[in-house]
Amino acid sequence: MPTSERWTMGVREQIEELVGMDKVGPGAPADTPYVKARDWLLEEDPMQLQKDSPFIVQRYLLALLYFSADRDGEWRHCAPSDDEDDQECKAVVYDQEGMPYNDTFARMLSGASECDWYGVRCPGGDNFVREIEMIENNMTGTLPSELAKMPVLQRLSFIMNELEGTLHAEFGDMKHLIDIEFHYNKFSGTIPDSFYNADNLIRLNLGGNMLDGTISPKIKNLRSLVGLFTFDNAFTGEIPKEIGELDYLSYTRFSYNEHNGTFPTEIGQLTNLIELYSQWNKFTGTLPPTIGELTYLEDFFVNNNEFRGTLPIKFYSMESLTYFYCFDNSFSGTISPLIKRLTNLERFIIRRNYFTGTIPA
1 MPTSERWTMG
11 VREQIEELVG
21 MDKVGPGAPA
31 DTPYVKARDW
41 LLEEDPMQLQ
51 KDSPFIVQRY
61 LLALLYFSAD
71 RDGEWRHCAP
81 SDDEDDQECK
91 AVVYDQEGMP
101 YNDTFARMLS
111 GASECDWYGV
121 RCPGGDNFVR
131 EIEMIENNMT
141 GTLPSELAKM
151 PVLQRLSFIM
161 NELEGTLHAE
171 FGDMKHLIDI
181 EFHYNKFSGT
191 IPDSFYNADN
201 LIRLNLGGNM
211 LDGTISPKIK
221 NLRSLVGLFT
231 FDNAFTGEIP
241 KEIGELDYLS
251 YTRFSYNEHN
261 GTFPTEIGQL
271 TNLIELYSQW
281 NKFTGTLPPT
291 IGELTYLEDF
301 FVNNNEFRGT
311 LPIKFYSMES
321 LTYFYCFDNS
331 FSGTISPLIK
341 RLTNLERFII
351 RRNYFTGTIP
361 A
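The numbers in the sequence shown follow UniProt numbering, run straight up by one, and end at 361.
Written as structure tokens, this is what we have:
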């Protein structure tokens with residue numbers, strides 16, 4: 001029940017318009033994350049934003065994220081505190097190179113600017129949220145689809161949590177989004193079609209979940225994509241030939257799925273590719289000769305599949321190749337003396353195949 005004059009100051013109406021009357025209007029269940037976030041913003045938020053504040057939307061949505069993804073009440077980092085003297089916290093975060101370091105933040109739902117809350121970044125200088133990164137935070141529950149309504153959000157990173165549910169189609173419609181990192185959670189279902197329209201997306205990491213279905217030929221629409229990671233799920237089907245149209249693609253990990261069929265010859269068009277991880281699938285056929293066009297490829301893992309035939313002569317043109325694992329397949333033939341061209345090669349693991357002859361010195 002309303003207990004504050006703020007209920008009649010225009011803030012409530014903005015929330016109702018944002019998420020819908022069915023979720024926060026009269027008669028909406030009181031124990032939902034939507035209502036809890038609304039009541040917090042109207043009744044408990046020490047900042048007490050006025051109706052003309054441009055930050056009402058993002059502050060409400062971040063509160064909604066907390067109430068949606070804290071089902072078990074055990075966030076590891078910077079959960080809210082009722083102690084007025086305990087409104088700051090220390091947490092491990094990661095720099096652009098992925099190196100961890102300790103930093104100090106305001107706790108979630110504290111009276112500080114949401115830009116100072118743990119995991120929230122506003123690097124544009126205008127106090128609008130552009131990045132949310134919460135790694136190994138023991139987050140449980142679901143992500144609210146309404147996060148897509150943050151006007152300039154560019155990055156969503158929730159690595160190594162316990163988040164569930166399907167991938168929201170709304171995330172694919174975010175025109176500023178360049179980075180999705182959802183790996184190592186419990187997401188299920190298929191990749192929404194809308195994800196293939198996110199043409200500004202640079203990195204899509206969905207590894208280590210319970211996703212299924214296939215990778216759509218519409219993948220060709222992700223023209224800016226540099227990293228595509230779908231490993232350790234239950235994806236099936238072939239790698240679509242349209243992947244060859246991704247000019248900037250440099251890192252791919254399809255490993256530990258149920259993919260089948262042959263490698264498309266168009267994979268040779270990915271001339272910026274550095275990593276190709278495809279181990280532990282059901283790929284068949286031979287390696288296409290076009291693989292030799294991947295002169296920047298360093299890591300090439302195709303072990304534990306059903307490949308056969310010989311290594312194509314152009315294989316020995318991959319002058320940057322450092323690691324090649326093809327064990328547990330049905331490759332045959334001999335290893336060419338041209339292997340001497342691969343001067344960067346450190347690991348060449350070919351056991352449990354049908355190769356004959358010796359490896360040239």
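Backbone N, C-alpha and C fix where the C-beta goes; we use that ideal spot for every residue, glycine too.
If you're wondering where the values come from, they're calculated on a predicted model, not measured in any experiment.
The segment 87-94 makes no contact with the segment 17-27: fewer than 3 CB pairs, one atom from each, lie closer than 8 Å. Across the set K340, E306, L163, L249, the C-alpha of E306 shows the shortest separation from the C-alpha of E258. Inside the segment 15-81, DSSP marks whole alpha helix (DSSP H) runs of 4 or more residues at positions 21-24, 33-39, 56-68, from first to last along the chain. Only buried fits E293, as 16 or more other CB atoms lie within 10 angstroms of its CB. Where D103 is concerned, the enclosing beta strand (DSSP E) starts and stops at 100-106. Residues F327, D328 of the same chain have their beta carbon placed closer than 6 Å to that of R352, with the five preceding and five following residues left out of the count.
Take the alpha-carbon of L338 and the one of Y316: they are about 6 Å apart. DSSP places G244 within a helical segment (H, G or I) once states are collapsed to three.
Close CB contacts of D299 within its chain, under the 6 Å cut and outside five residues either way in sequence, are with E275, Y323 (chain order). Of the candidates L42, P240, P33, K36, L42 places its Cα closest to the Cα of R12. Within the model, the alpha-carbon separation for L156 versus P360 is close to 48 Å. DSSP places I180 in the uninterrupted beta strand (DSSP E) bounded by 179-181.
In the three-state reduction of the DSSP assignment, R351 falls in the coil class. Under the DSSP definition of a beta bridge, N260 partners with K282.
Using a Cβ distance threshold of 9 Å, N200 and K175 count as a contacting pair.
V93 has Y101 as its beta-bridge partners, per DSSP. Judged by DSSP secondary structure, M134 falls outside any beta strand (DSSP E); it is assigned neither H nor E. Taking every protein chain shown into account, the CB of Q96 has fewer than 16 other CB atoms within 10 angstroms, so this residue is exposed.
About 6 Å separates the beta carbon of L249 from that of L225, a gap short enough to meet the 8 Å contact definition.
Taking the C-beta atoms as reference points, I291 is found nearer than 9 Å to F263. Between G237 and I267, the beta carbon gap of about 15 Å keeps them out of contact (Cβ cut-off 8 Å).
Partner residues in the beta bridge of A234, as assigned by DSSP, are D212. Annotated three-state conformation of T290 is helix, per DSSP. Here the alpha carbons of D85 and Y256 stand approximately 48 Å from one another.
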